[in-house]
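Residue numbers for the sequence shown follow the numbering used here, beginning at 8 and rising by one. Just so you know, even glycine gets a beta-carbon here, dropped at the ideal spot from N, CA and C. Treat the numbers as computed from the prediction; the structure is a model and nothing was measured. One structure below.
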Amino acid sequence: MTTWNTRPETVDDIPAIREVNLAAFDTADEANLVDALRADTSWIEGLSLVTTDQNGTIVGHALLTRCHIGDTAALCLAPCAVLPDHQRRGVGSAAIRAALKAAKDMGEYYITVMGHPSYYPKFGFTRASTHGIGLSIDVPDEALMAMTLDDNHPLPTGTIRYAAPFGI
């Protein structure tokens, strides 16, 4: 079993993060989204996490940016990307766990994600609609998920408002 290293991105990591996102997805949309979010007010330093291999090469990336559930500040997990030859080896999980820990350490409570319903529950995400959380666009109900990082702060209800670069 490989142990992956995680850390917040640095300015020197930006080209490698773009390459990971370009390799992980069929289009440049996610890579362009990361670049746009980096320039947006939704960006929070320390919440863009990379996973590196034993040589220090970036092989994965997870990003949390500001969003809102109704009027309540929350975070959006997107995108999460892993180089294709490193997928299904714990790289993405390591980046996501590091991002969630960093968010909790910063005093954040709520995280949303739109993704594979069989993957994200292992991190604590549950179907958003069961908490009264929705979107202004139609997405598969099981794909929209949310979680709280502190059980003393139950999820708020409302419509998720993403940062402008998401176009939602």
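**Q.** Integer-rounded CB distance, given that A105 should sit under 8 Å from L56
**A.** Beta-carbon to beta-carbon, L56 and A105 are separated by about 5 Å, close enough to satisfy the 8 Å threshold.
Q: Answer yes or no: does any C-beta atom of chain D fall closer than 8 Å to that of G97?
A: Here there is only one protein chain, and chain D is not present.
Q: Tell me, please, whether the stretch 125-144 touches the stretch 41-59 by the rule of three or more beta-carbon pairs shorter than 8 Å.
A: no
Q. Which full runs of the beta strand (DSSP E) of 3+ residues lie inside the stretch 41-125, going along the chain?
A. 55-59, 65-76, 79-89 and 117-121
Q) Which first and last residues belong to the beta strand (DSSP E) in which P15 is found? A) N12 to P15
Q) Quick one, are the C-beta atoms of W50 and T72 less than 8 Å apart? A) Less than 8 Å separates the beta-carbon of W50 from that of T72.
Q: On a CA-only basis, which of F173, L29 and G67 is nearest T13? Give me that one, please.
A: Scanning F173, L29 and G67 for the CA closest to the CA of T13 turns up G67.
Q) Using DSSP with H/G/I as helix, E/B as strand and the rest coil, what is I24? A) helix
Q. Can you find at least 3 beta carbon pairs, one from the stretch 25-42 and one from the stretch 138-158, that sit closer than 8 Å?
A. no
Q.
Please state the DSSP three-state secondary structure of A153.
A. strand
Q: Kindly list the residues whose CB is nearer than 7 Å to the CB of L29, restricted to its own chain and excluding five residues on each side of it in sequence; keep chain order.
A: A35 and A38
Q: Please report the residue range of the beta strand (DSSP E) in which T166 lies.
A: G165 to R168
Q. Quick one: what's got a C-beta closer than 6 Å to G141's C-beta in the same chain, skipping five residues either side?
A. Only residues of its own chain outside the window of five on either side were considered, and among them T166 have a CB closer than 6 Å to the CB of G141, listed in chain order.
(Q) Using the three-state DSSP reduction, which class does T34 fall into: helix, strand or coil? (A) coil
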